Amino acid sequence: RKEVEQDPGPFNVPEGATVAFNCTYSNSASQSFFWYRQDCRKEPKLLMSVYSSGNEDGRFTAQLNRASQYISLLIRDSKLSDSATYLCVVNMVGGSSGSARQLTFGSGTQLTVLP
Amino acid sequence: DGGITQSPKYLFRKEGQNVTLSCEQNLNHDAMYWYRQDPGQGLRLIYYSQIVNDFQKGDIAEGYSVSREKKESFPLTVTSAQKNPTAFYLCASRSRGSNTGELFFGEGSRLTVL
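Chains as they are written, first to last, in my numbering: chain A, 1 to 115; chain B, 1001 to 1114.
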């Protein structure tokens, strides 16, 4: 079983749709969680961190379910510019160590928003 | 503007040749990382360095070498021992005291072995 698993997609949705991605992780000791966005042939960029209580940033909502060991990303009112690959990233130990040694990247979920 | 610069952006090499990818950052970050990304796969850690003159192997270090003589620079050499070097290589850095988990990435170097 992969340490961090994502549905690769692709997800093709019309503009204005709501779309949700899930990501499961295998290590129950994982401490911190993130969603990165990667445009085609570009570098990944941090989209948002995922907090235990869930957090929202505009049209984006991230949730963490420790009991079931998954995190989710919800995008409301999809825009054409949301088309990208979304990477789930899990830090296996406390994130304040300053080391990304324990950061594990999922393989990404590809989203295409259609006009 | 602060950031990470990787060069070259595209590189072609013949089998059996070593090639060095440059990574420079002016963010004053202590930690730097090299990742490899293959199509449809997540990022895999090659090497990382948390301080000058020190570096550690990641998950797929075989066939690669690095140096960290300056805080700003973390070059990666892809040696002829690397069996399948064609890939997208990403350099990243992070503040050592960061608790946000944010890695700052360069634009990447796309290496193709002919």
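Don't be surprised by glycine CBs; every beta carbon is placed ideally from N, CA and C.
Predicted, not measured: the structure shown is a model, and the values here were computed from it.
- Judged by DSSP in its simplified three-state form, A:L80 adopts helix.
- For the set A:M92, A:M48, A:E15, the Cα lying nearest the Cα of A:Y86 is the one of A:M48.
- Boundaries for B:N1028: no beta strand (DSSP E) harbours it, and the DSSP string shows neither H nor E there.
- Using beta-carbon distances, A:G106 counts as an interface residue toward chain B, with a partner under 7 angstroms.
- Counting C-beta pairs closer than 8 angstroms gives fewer than three between the segment 60 to 68 of chain A and the segment 1001 to 1012 of chain B, which falls short of the contact rule.
- At a cut-off of 7 angstroms between beta carbons, A:E5 makes no contact with chain B.
- It is roughly 30 angstroms from the alpha-carbon of B:L1043 to the alpha-carbon of A:P115.
- Scanning B:C1091, B:K1071, B:L1114, B:V1113 for the CA closest to the CA of B:E1107 turns up B:C1091.
- Of all residues in the segment 45 to 62 of chain A, only K45, L46, S49 place a beta-carbon less than 9 angstroms from a beta-carbon of chain B.
- Listed along chain B, the residues sitting closer than 7 angstroms to A:P8 by beta-carbon distance are G1040.
- Per DSSP, the unbroken beta strand (DSSP E) holding B:C1091 starts and ends at 1087 to 1094.
- Around the CB of A:C23, 16 or more other CB atoms lie within 10 Å, so the residue is classed as buried.
- Between A:V89 and A:E56, the alpha-carbon positions lie close to 17 angstroms from each other.
- Per DSSP, reduced to three states, the secondary structure at A:R59 is coil, with no helix or strand assignment.
- Here the C-alpha atom of B:G1003 lies approximately 12 angstroms from the C-alpha atom of B:S1073.
- In the DSSP assignment, the residues bridged to A:T112 are A:N12.
- Assigned with DSSP and collapsed to three states, A:S49 falls in strand.
- Under a 10 Å Cβ-count criterion, B:S1109 is classified as buried, with 16 or more other Cβ atoms of the shown protein chains found around its own Cβ.
- Cβ contact annotation for B:W1034 (same chain, cutoff 6 angstroms, sequence separation greater than five): I1046, Y1047, L1076, C1091, in chain order.
- DSSP places B:A1081 outside both helix and strand once states are collapsed to three, so it counts as coil.
- Neighbourhood of A:L87 in chain B, by CB distance below 7 angstroms: G1042, in chain order.
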